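Chains as they are written, first to last, in our numbering: chain A, 1 to 260; chain B, 1 to 276.
Next up, the structure:
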């Protein structure tokens, strides 16, 4: 028993080294004094962090990425929440079909989604960059909202809603003051997943960004094609710190288990 | 009353349904239609032309080969890891969090980290030269090797998490009972634990395979000009060569292959384990 445990433990340790190690390498390299990015680095400096925080292109791209991610998630919530509620609350023909439709954007490869959006939506209706990005990222977010909210509504006892109604509350009031508070943790985890997913997305944005308007992952990708200095390592480390912060926040409030 | 209820659900699903239909479904149909009507009349000519092209054949086979290889590696590495975390680890919460962390980290950052590690002056090459295994730094980047490494690191967490999900449901009493009835530890593993965890293995494999088939960032950053895959090919045709007809055909092939293989996987799982 002990011996088998040992072998399994070794494999697990190696796998985690493989998963996390590269991220630590980046973090370590971001403090190196050398001009070229290398690991192990030499010396210790925070200059690369100073530099990345003064680079307009990165700051603007990060702002845009965050705004699009939040706005797209909000729109997806407005479109998805009522539908998820209807699917759980009412019985009607074609229910499964509607559910599949709301989950379907996740089945289409992002690179294809970006391409067809560009060809048949952006060019067709002559859309500007920001609305096209918003529409595309909303499509990405709808399945997250649908999946998580549907499963938390499945655990909700609709008898409570009936009770509120029979006691004289209006439907709308009941929805906002009785149903919504009961599924708020589901909604919160759906939103977090959707924001992270949208913020990190590359394939869709690669097709939809325009001249002068860039999303952060795209900006980073085009930067590393020509430069290989610790600036990107510093930026990556900042992003990882943010990710860690979000994860700690989730763990404190919802519990990480509810998100994955 | 019934009439009123009917109208409510319609009102609730209508906005989302319209949004997805207008911005995704109709474009998707247009994509398929135009790929079959290259010159106003129905024909398979674009597809025949594409599949006759040696460059496409290589790309197509490379996509499938790398995705299968990465799926296999994820299964081989993920299975013992998930088993250890689910059955033996005392720090399960921490281990799960450490698996989730890379998943939440941008694929750009994760691919970039391999560019640092596997580069000409990266730590791996330094070690190879220092140890005397090779006289000079090797080409570890921008080839199928670096792409596979990137894919496995990108999708391994998903495999581990889907396996832990099913393994947690396998009661320890079952393996104990098998032991009491005379099964060896290896026997109880193969006859009890493995069959009960196949569904997680299949779910994980579908996630990893479709992930690899459709990933764009990793092959773009870690692959080279002569190791393109379907997703980078779509981008190349559409944005660099401005050949939208070819891009459409490749896109349709990509969707078809991804869906075909996913349904194949789940059919296999039903055959092995009809209960799950």
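The beta-carbon is built from N, C-alpha and C at its ideal position, and this holds for glycine as well.
Fair warning: this is a prediction, and the values are worked out from it, not measured in the lab.
Could you list which residues in chain A have their beta carbon closer than 9 angstroms to that of residue i, in chain order?
i	result
residue 305 of chain B	Past the edges of chain B, shown from 1 to 276, lies residue 305 of chain B, and the structure says nothing about it.
residue 329 of chain B	Here chain B covers residues 1 to 276 and nothing more, so residue 329 of chain B does not appear.
residue 272 of chain B	Chain A residues near residue 272 of chain B: none, gap ~24 angstroms exceeds 9 angstroms.
residue 116 of chain B	22, 25, 26, 29, 37, 38, 39, 228 and 233
residue 80 of chain B	7, 8, 11, 12 and 15
Run through the DSSP bridge pairs and tell me what residue i is partnered with.
i	result
residue 213 of chain A	A:210
Using a cut-off of 7 angstroms between C-beta atoms, extract the partners of residue i located in chain B.
i	result
residue 35 of chain A	Within chain B, no residue comes near residue 35 of chain A; the closest Cβ sits about 13 angstroms away, beyond 7 angstroms.
residue 18 of chain A	153
residue 52 of chain A	The contacting residues do not exist; residue 52 of chain A stays about 13 angstroms from chain B at best.
Grab the span of the alpha helix (DSSP H) containing residue i for me, first residue to last.
i	result
residue 35 of chain A	Counting along the chain, residue 35 of chain A falls outside any alpha helix (DSSP H), and DSSP gives it neither H nor E.
residue 229 of chain A	From DSSP, residue 229 of chain A is part of no alpha helix (DSSP H); its letter is neither H nor E.
residue 146 of chain A	129-154
residue 157 of chain A	Residue 157 of chain A -> no alpha helix (DSSP H), and no H or E assigned at all.
residue 127 of chain B	123-130
residue 86 of chain B	54-87
residue 267 of chain B	244-272
residue 32 of chain B	26-36
residue 55 of chain A	Unbroken run through residue 55 of chain A: none, as it is neither H nor E.
residue 165 of chain B	144-167
residue 173 of chain B	172-180
residue 239 of chain B	It is not in any alpha helix (DSSP H) - residue 239 of chain B carries neither H nor E in the DSSP assignment.
residue 174 of chain A	171-174
residue 194 of chain B	194-214
residue 218 of chain B	217-222
residue 188 of chain A	184-200
residue 177 of chain A	Per DSSP, residue 177 of chain A belongs to no alpha helix (DSSP H) and is neither H nor E.
residue 100 of chain A	95-103
residue 99 of chain B	92-104
residue 187 of chain B	185-188
residue 299 of chain B	No information on residue 299 of chain B is available, as it lies outside the stretch 1 to 276 that chain B covers here.
residue 115 of chain A	110-117
If residue i and residue j are in contact, beta carbons under 8 angstroms, what's the gap, nearest whole angstrom?
i	j	result
residue 194 of chain A	residue 73 of chain A	5 angstroms
residue 204 of chain B	residue 162 of chain B	4 angstroms
residue 269 of chain B	residue 197 of chain B	Going by Cβ atoms, the distance from residue 269 of chain B to residue 197 of chain B rounds to 11 angstroms, so no, they are not a contact pair.
residue 326 of chain A	residue 17 of chain B	In the structure displayed, chain A extends from 1 to 260; residue 326 of chain A sits before or after that span and is not available.
residue 87 of chain A	residue 142 of chain A	Between residue 142 of chain A and residue 87 of chain A the Cβ distance is about 13 angstroms, and since that is not below 8 angstroms, they are no contact.
residue 228 of chain A	residue 123 of chain B	Not really, about 15 angstroms apart at Cβ, beyond 8 angstroms.
residue 230 of chain A	residue 37 of chain A	5 angstroms
residue 254 of chain B	residue 112 of chain A	6 angstroms
residue 155 of chain B	residue 74 of chain B	6 angstroms
If the cut is a Cβ gap below 9 angstroms, which residues of chain B does residue i touch?
i	result
residue 59 of chain A	Under the 9 angstroms cutoff, chain B gives no residues; its nearest Cβ is about 17 angstroms from residue 59 of chain A.
residue 133 of chain A	Those do not exist, as residue 133 of chain A stays about 12 angstroms from chain B at its closest Cβ, beyond 9 angstroms.
residue 139 of chain A	19, 20, 23 and 24
For residue i, go through chain A and note every residue whose CB falls closer than 8 angstroms to its CB, in chain order.
i	result
residue 261 of chain B	Within chain A, no residue comes near residue 261 of chain B; the closest Cβ sits about 13 angstroms away, beyond 8 angstroms.
residue 88 of chain B	5, 8 and 9
residue 170 of chain B	What residue 170 of chain B touches in chain A: nothing, since even the nearest Cβ is about 16 angstroms away.
residue 231 of chain B	109, 111 and 203
residue 156 of chain B	15, 18 and 19
I want to verify the contact list: residues of chain A whose CB lies under 7 angstroms from the CB of residue i, in sequence order.
i	result
residue 113 of chain B	22, 23, 25 and 26
residue 222 of chain B	What residue 222 of chain B touches in chain A: nothing, since even the nearest Cβ is about 11 angstroms away.
residue 159 of chain B	Here the premise fails: no neighbours, minimum Cβ distance about 10 angstroms.
residue 267 of chain B	Those do not exist, as residue 267 of chain B stays about 17 angstroms from chain A at its closest Cβ, beyond 7 angstroms.
residue 17 of chain B	98 and 101
residue 177 of chain B	None at all; the shortest Cβ gap to chain A is about 17 angstroms.
residue 258 of chain B	109
residue 30 of chain B	120
residue 108 of chain B	202, 217, 220 and 221
Quick one: which chain B residues come within Cβ less than 8 angstroms of residue i?
i	result
residue 275 of chain A	No statement about residue 275 of chain A is possible, as the shown extent of chain A runs from 1 to 260 and does not include it.
Task: Contact set between the region 116-129 of chain A and chain B, restricted to residues whose Cβ is under 8 angstroms from the partner - done: Of all residues in the region 116-129 of chain A, 116, 117, 118, 119, 120 and 121 have a Cβ within less than 8 angstroms of some Cβ in chain B.
Open item on the list: What are the residues in the region 66-87 of chain A lying within 7 angstroms of chain B by C-beta distance?
Closed with: Here the close residues are 79, 80, 82, 83, 85 and 86.
- [ ] Could you run through the region 36-48 of chain A and flag, in chain order, every residue whose CB is less than 9 angstroms away from some CB of chain B?
- [x] Listed by position, the residues of the region 36-48 of chain A near chain B (Cβ gap below 9 angstroms) are 36, 37, 38, 39 and 40.
Task: Contact residues within the region 198-232 of chain A, judged by C-beta distance below 7 angstroms to chain B - done: Listed in sequence order: 200, 202, 203, 206, 217, 220, 221, 224 and 232.
Open item on the list: Give me the subset of the region 119-132 of chain B whose CB atoms are less than 7 angstroms from a CB atom of chain E, sorted by chain position.
Closed with: Reference to chain E is not applicable here, since the protein chains of this structure are A and B.
Open item on the list: Counting only Cβ-Cβ distances shorter than 8 angstroms, please list the residues of the region 231-257 of chain A near chain B, keeping chain order.
Closed with: For the region 231-257 of chain A, the beta-carbon criterion of a distance under 8 angstroms to any beta-carbon of chain B is satisfied by 232, 233, 236, 239, 240, 243, 244, 246, 247, 251, 256 and 257.
TODO: Taking a Cβ distance cut-off of 9 angstroms, strictly less, list which residues of the region 89-106 of chain B are near chain A, in chain order.
DONE: Hits within the stretch, in order: 89, 93, 95, 96, 97, 98, 99, 100, 101, 102, 103, 104, 105 and 106.
Open item on the list: Short of 8 angstroms Cβ to Cβ, which residues in the region 93-107 of chain A face chain B?
Closed with: Listed in chain order, the positions of the region 93-107 of chain A with a beta carbon within less than 8 angstroms of a beta carbon of chain B are 98, 101, 102, 104, 105 and 107.
Open item on the list: Using a Cβ-Cβ cutoff of 9 angstroms, what residues of the region 192-220 of chain B are near chain A? List them in chain order.
Closed with: Along the region 192-220 of chain B, going in chain order, the ones with a CB nearer than 9 angstroms to a CB of chain A are 210, 213, 214, 215, 216, 217 and 220.
TODO: Report the residues of the region 181-194 of chain A with a CB closer than 8 angstroms to any CB of chain B, ordered along the chain.
DONE: So nothing in the stretch comes that close.
Open item on the list: Counting only Cβ-Cβ distances shorter than 9 angstroms, please list the residues of the region 148-182 of chain A near chain B, keeping chain order.
Closed with: With the criterion set as a beta carbon lying under 9 angstroms from some beta carbon of chain B, the members of the region 148-182 of chain A are 171, in sequence order.
Task: Contact set between the region 48-62 of chain B and chain A, restricted to residues whose Cβ is under 7 angstroms from the partner - done: Going along the region 48-62 of chain B in chain order, one finds no residue with a Cβ nearer than 7 angstroms to chain A.
Task: Residues within the region 139-150 of chain B neighbouring chain A, beta-carbon criterion of under 8 angstroms - done: From the region 139-150 of chain B, no residue has a Cβ closer than 8 angstroms to chain A.
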